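Residue numbers (full-length UniProt numbering): 1 to 239. What follows is a single structure, written as structure tokens, with notes after it.
Laid out in structure tokens, this is it:
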């Protein structure tokens with residue numbers, strides 16, 4: 001499961017990179033570590049409003065859901081949804097066709113287990129710009145949005161730095177984002193994007209172990225560090 005993300009970019013950079021304005025710009029603030037295990041807000045672009053950057057609660061809940069986020073997440077953790085499961089969950093199965101979204105981040109985190117110790121990695125774009133993770137979303141009873149990131153089977157690059165499970169976030173490059181959000185994109189094309197994810201250049205860097213400690217965040221936390229005996233950082237590839 002991917003339960004932490006990063007969005008360290010300021011509002012001006014977000015709007016410049018994605019070519020859109022925030023619908024509610026004063027509500028945005030960068031967040032180096034977004035912890036999905038507590039109720040958190042993500043920046044998103046949705047099919048419903050592809051002309052603005054909006055906000056959604058991280059952790060998908062059914063359309064028109066009325067109760068608290070925590071109550072639902074205790075029953076079903078929906079920070080990530082593996083695409084293979086979407087069609088088998090009744091209340092989710094239509095969201096991939098009618099409520100696709102893009103979750104805007106500056107990076108995500110993977111974990112490498114070796115000799116009884118867990119090492120965190122920060123995965124970001126080679127150019128260090130924000131990028132998009134595929135998602136689905138819902139509209140709650142109070143009008144707020146909730147969302148989940150979509151995961152697919154991992155690949156060689158991510159597997160080099162993540163050996164806890166075999167899933168990865170589905171990334172959507174800038175030249176595919178309009179297709180992903182368009183209501184006119186046919187089902188076969190959506191499925192092709194999922195089965196054959198477009199290539200993106202990424203880098204993965206090991207970061208300080210303080211990452212695992214709650215409420216410890218400092219400016220250099222995401223900077224590369226060296227650990228003996230595990231894959232090194234500053235590595236780029238396409239996936």
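Where is the CB? At the ideal position from N, CA and C, for every residue including glycine. From a predicted model like this one, the values you see are computed outputs, not experimental measurements.
Identity of the residue in the options nearest residue i by Cα
{"i": "residue 195", "options": "168, 47 and 147", "result": "168"}
{"i": "residue 1", "options": "172, 173 and 111", "result": "111"}
{"i": "residue 11", "options": "5, 24 and 3", "result": "24"}
{"i": "residue 154", "options": "186, 145, 170 and 86", "result": "170"}
{"i": "residue 141", "options": "41, 172 and 61", "result": "61"}
{"i": "residue 135", "options": "164, 101 and 157", "result": "101"}
{"i": "residue 47", "options": "218, 95 and 217", "result": "95"}
{"i": "residue 81", "options": "53, 231 and 146", "result": "146"}
Residue i, buried or exposed, once every other Cβ within 10 Å from all chains shown has been counted against 16
{"i": "residue 88", "result": "exposed"}
{"i": "residue 148", "result": "buried"}
{"i": "residue 204", "result": "buried"}
{"i": "residue 5", "result": "buried"}
{"i": "residue 212", "result": "exposed"}
{"i": "residue 79", "result": "buried"}
{"i": "residue 76", "result": "exposed"}
{"i": "residue 164", "result": "exposed"}
{"i": "residue 113", "result": "exposed"}
{"i": "residue 91", "result": "exposed"}
Cutoff 6 angstroms; reference residue i; Cβ partners in own chain excluding five residues on either side
{"i": "residue 131", "result": "125"}
{"i": "residue 15", "result": "21"}
Cα-Cα separation between residue i and residue j, rounded to whole angstroms
{"i": "residue 223", "j": "residue 117", "result": "20 angstroms"}
{"i": "residue 74", "j": "residue 65", "result": "15 angstroms"}
{"i": "residue 84", "j": "residue 32", "result": "30 angstroms"}
{"i": "residue 179", "j": "residue 133", "result": "14 angstroms"}
{"i": "residue 226", "j": "residue 72", "result": "40 angstroms"}
{"i": "residue 200", "j": "residue 26", "result": "31 angstroms"}
{"i": "residue 206", "j": "residue 151", "result": "22 angstroms"}
{"i": "residue 55", "j": "residue 161", "result": "30 angstroms"}
{"i": "residue 172", "j": "residue 104", "result": "10 angstroms"}
Collapsed DSSP secondary structure at residue i in the structure displayed
{"i": "residue 158", "result": "helix"}
{"i": "residue 79", "result": "coil"}
{"i": "residue 239", "result": "Here the model assigns residue 239 a pLDDT of 47, short of 50, so the residue's position is not dependable, and the following value carries that caveat. DSSP places residue 239 in coil when its eight states are reduced to three."}
{"i": "residue 134", "result": "strand"}
{"i": "residue 205", "result": "strand"}
{"i": "residue 196", "result": "coil"}
{"i": "residue 217", "result": "coil"}
{"i": "residue 169", "result": "strand"}
{"i": "residue 72", "result": "helix"}
{"i": "residue 14", "result": "helix"}
Beta-carbon contacts of residue i that lie in its chain and below 7 angstroms, excluding the five residues immediately before and after
{"i": "residue 30", "result": "7, 8, 9 and 10"}
{"i": "residue 17", "result": "129 and 130"}
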